[in-house]
Amino acid sequence: MQVGIVSDTHDNTGLVEAAVETFDDAGVETVVHCGDFVAPFSATPFDGDWAFYAVRGNNDGEWALESTVEEFGTYLGEMGELTLDGAEFAVYHGTSGAIVDALVECGTYDYVCHGHTHEAGTEEYEGTVRINPGGIAIPPASDPFSVATLDTESGDLTFHELG
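Under my numbering, the first residue of the sequence shown carries the number 119, and numbering increases by one thereafter.
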């Protein structure tokens, strides 16, 4: 299964559209947003031909975001657990680095997806893969916006720079 992972889009409609197009082109079946849409209009472009899951980010201040996501997907609140193609996922925005570390180190999950730092990256710890797809360039994070795609069958993870 192809899974698209995105975070920290911060109302940038051009980058949201680029992410959606990238996921369409990659044939993803599930999209996971790790928070910081900011406003509900930034969520609606993710209404596509895939399952959609999202968590709350620290900048998601509009309560209508939950009901907007629920119109076409699943809003997981502060943190969520998913089983996708037999793989166990934890999804959390990443506001607390200690919580991200605990999710990775607990050994319960195959993948821990988070954002918040706006810096794309991945690392493996005792069989758990941490994935941060990146976010819009907000100093000190100066990398271009990126999203990630994960093939749950092979474990192949690809970062796509979009802006």
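Even for Gly, the Cβ is constructed at its ideal location relative to N, Cα and C.
Using the three-state DSSP reduction, which class does residue i fall into: helix, strand or coil?
i: Val265; result: strand
i: Val247; result: strand
i: Val124; result: strand
i: Glu139; result: helix
i: Ala91; result: Since the first residue of the chain shown is 119 and the last is 281, residue 91 is not available in this structure.
i: Leu200; result: strand
i: Gly60; result: Nothing in the structure corresponds to residue 60, since the chain is present only between 119 and 281.
i: Ala144; result: helix
i: Val173; result: coil
i: Val156; result: coil
i: His151; result: strand
i: Gly100; result: Given that the chain is displayed from residue 119 to residue 281, the structure contains no residue 100 and the question cannot be resolved.
Once you ignore the five residues that flank residue i on each side, which residues in its own chain have a CB closer than 7 Å to its CB?
i: Thr162; result: Thr186
i: Ile256; result: His236
i: Leu133; result: Thr127, Ile254, Phe263, Leu280, Gly281
i: Phe190; result: Asp165, Phe170
Considering residue i, what are the terminal residues of the beta strand (DSSP E) in which it resides?
i: Glu279; result: 275-279
i: Phe207; result: 205-210
i: Val230; result: 229-231
Leaving out the 5 sequence neighbours to the left and right, which residues in its chain are closer than 8 Å to residue i when beta-carbon positions are compared?
i: Asn176; result: Gly153, Asp154, His211, Thr213, His234
i: Val247; result: Asp228, Tyr229, Val230, Thr240, Glu241, Gly273, Leu275
i: Thr131; result: Phe159, Ser160, Pro163
i: Asp178; result: Gly153, Asp154, Phe155, Val156
What do you reckon, is the C-beta of residue i under 7 Å from a heavy atom of the ligand ATP?
i: Ile217; result: In terms of ligand content, the structure shown is empty, and the ligand ATP therefore cannot be addressed.
Quick check: the Cα distance between residue i and residue j, rounded to an integer number of angstroms?
i: Val156; j: Asp129; result: 6 Å
i: Met119; j: Phe170; result: 14 Å
i: Ser264; j: Ser125; result: 9 Å
i: Asp269; j: Leu275; result: 7 Å
i: Thr267; j: Ile249; result: 10 Å
i: Glu180; j: Ser160; result: 11 Å
i: Ala136; j: Gly166; result: 13 Å
i: Val146; j: Trp168; result: 7 Å
i: Phe223; j: Phe277; result: Checking the displayed sequence, the identity of residue 223 turns out to be Glu instead of Phe. Looking at the two C-alpha atoms, the distance is approximately 23 Å.
i: Ser260; j: Val138; result: 22 Å
i: Leu71; j: Glu244; result: Absent from the model: residue 71. The displayed extent of the chain is 119 to 281, so no value can be given.
i: Ala182; j: Arg174; result: 12 Å
i: Asp203; j: Thr148; result: 10 Å
On the DSSP letters alone, give me the boundaries of the alpha helix (DSSP H) that residue i sits inside.
i: Val65; result: Because residue 65 is not part of the residues shown, which for the chain are 119 to 281, the question remains open.
i: Ala216; result: 215-223
So, at 6 Å on beta carbons, what are the nonlocal neighbours of residue i in its own chain, with the 5 sequence-adjacent residues on each side left out?
i: Ala172; result: His151, Val187, Tyr193
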